[in-house]
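Residue numbers (our numbering): 249 to 394.
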């Protein structure tokens, strides 16, 4: 399966930040308050027409996860050093698109857009201090176009 960050539809009257906090609780059992919200990254529009609004949160390193098996198969803790690997990011040309597919090597896996695009923008902005970097032009792999 694809790697994904916690998320879901915005309920009526709910902000993107409130949605992120609710989905984090529903999927991973984590309860964080509004003070955990650091900000947003750029929206990413998927091939299937969804708009992902990444919300960046801060939590204690000892945060315990209680996975909801109806929504989450596995959860992984990724060290920030994984996002800054020298072999990352990778860009792959595909015949189906004029935009490059973005890949982030994490452990022995390759994380593709949209999750890979969100993590790459987080790296550029939060870890590398590169403000103004955009990821909306990065393509998803063909298997994710459904």
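Quick reminder that beta carbons are idealized off the backbone N, C-alpha and C, glycines included. From a predicted model like this one, the values you see are computed outputs, not experimental measurements.
Beta strand (DSSP E) segment containing residue i, residue limits
i           : result
residue 369 : Residue 369 -> not in any beta strand (DSSP E); alpha helix (DSSP H) instead, spanning 363–370.
residue 375 : Premise fails: residue 375 is in no beta strand (DSSP E) and is neither H nor E.
residue 360 : 357–360
residue 331 : Where residue 331 is concerned, there is no enclosing beta strand (DSSP E), although the alpha helix (DSSP H) it sits in stretches over 328–331.
residue 354 : 349–354
residue 386 : That residue, residue 386, is in no beta strand (DSSP E); it is neither H nor E in DSSP.
residue 325 : Careful: residue 325 lies outside any beta strand (DSSP E) and carries neither H nor E.
residue 340 : 338–340
C-beta atoms of residue i and residue j nearer than 9 Å
i           : j           : result
residue 309 : residue 280 : no
residue 275 : residue 305 : no
residue 388 : residue 361 : yes
residue 359 : residue 351 : yes
residue 393 : residue 296 : yes
residue 282 : residue 271 : no
residue 278 : residue 253 : no
Residue i versus residue j: straight-line alpha-carbon distance, rounded
i           : j           : result
residue 255 : residue 337 : 23 Å
residue 341 : residue 367 : 20 Å
residue 260 : residue 334 : 42 Å
* Jot down the residue ranges of each uninterrupted beta strand (DSSP E) in the region 256–310, minimum 3 residues, whole runs only, in chain order. => 285–288 and 303–305
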